[in-house]
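FYI, in the numbering used here the residues of the sequence shown are 578 to 725.
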Amino acid sequence: MADYKDIIASCKDQKGGIIEAFHALQQEFNYIPREALTEAARVFGISEAQAYGVATFYSYLSVEKRGKYIIRMCESAPCHVAGADELLKAIEKELSIKVGETTSDGKFTLELTECVGQCQATPVITINSEPLFNVTAEVLPQVLSAYK
Ligand code: FES
C-alpha cells in the first residue's frame with residue numbers, strides 16, 4: 578500500500594492538486610484518512626478546516642473510515658423486484674453490519690447504489706465497483722469468501 582505522504586507529494590505541483598491528491602488517496606485507501614487531511618493541508622498551504630471542507634464537498638469522497646472492499650447493493654426497481662431486500666438483509670447478517678457501516682476488521686463496508694446498468698442479471702451487487710450478478714442469499718457466503 579502506498580504511503581499517503583508520497584501520494585500527496587506527487588500531486589503537489591499539479592493544477593487542482595489537492596483534489597487530485599484526494600482522488601488518489603481515496604483510490605488507495607477507499608477513504609481519506611485523518612492524517613492525510615492534515616498532511617494535505619500542510620503541503621497545499623491551507624487550514625485543516627479548508628482541507629476538510631474540500632474533502633467533504635464532493636459526495637464521491639469520504640472522510641469516514643471505509644473497508645478494503647466496498648459492497649454496494651443495487652436498490653433500483655429491477656433489483657428490488659428480484660429480491661434485493663432479502664439479499665441486503667442476508668449481507669447485513671453475514672457481516673454483522675448495517676448499511677453505511679464497516680466491519681470491525683476493516684474489510685467490508687456496506688453501501689447502497691442506484692442501477693449499475695446490469696439489470697439483465699438481477700439482483701446485482703458490486704464489490705469495489707466490479708458487478709456480481711444473480712447474487713442470492715444462498716450463494717452469498719461463497720461469494721464473500723473469495724474476499725475474506
Ligand atoms: S436495477 Fe440493479 S442493476 Fe439495474
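Every residue, glycine too, gets a C-beta built ideally from N, C-alpha and C.
Separation of Ala626 from Glu641, as counted between CA atoms
16 Å
message = With H, G and I counted as helix, E and B as strand and the rest as coil, what does DSSP make of Thr713?
response = coil
- What residue from Ser636, Ala598, Pro700 has the CA that sits closest to Ala618's CA? Ala598
Does the Cβ-Cβ distance between Tyr581 and Ala613 come in under 7 Å?
yes
Practice prompt. Would you decide whether Ala723 is buried or exposed? Buried here means 16 or more other CB atoms lie within 10 Å of its CB.
Written response: exposed
**Q.** Same chain, Cβ closer than 8 Å to Val712, neighbours up to 5 away in sequence not counted
**A.** Leu664, Pro700, Val701, Ile702, Val720
Outcome for Arg649 when other beta-carbon atoms lying within 10 angstroms are tallied against a minimum of 16: buried
ask   = Can you list, in chain order, every residue whose CB sits closer than 7 Å to a heavy atom of ligand 1?
value = Cys651, Ser653, Ala654, Pro655, Cys656, Cys692, Val693, Gly694, Gln695, Cys696, Thr699, Pro700, Val701
Does the distance from the C-beta atom of Ala579 to that of Glu616 stay below 7 Å? no
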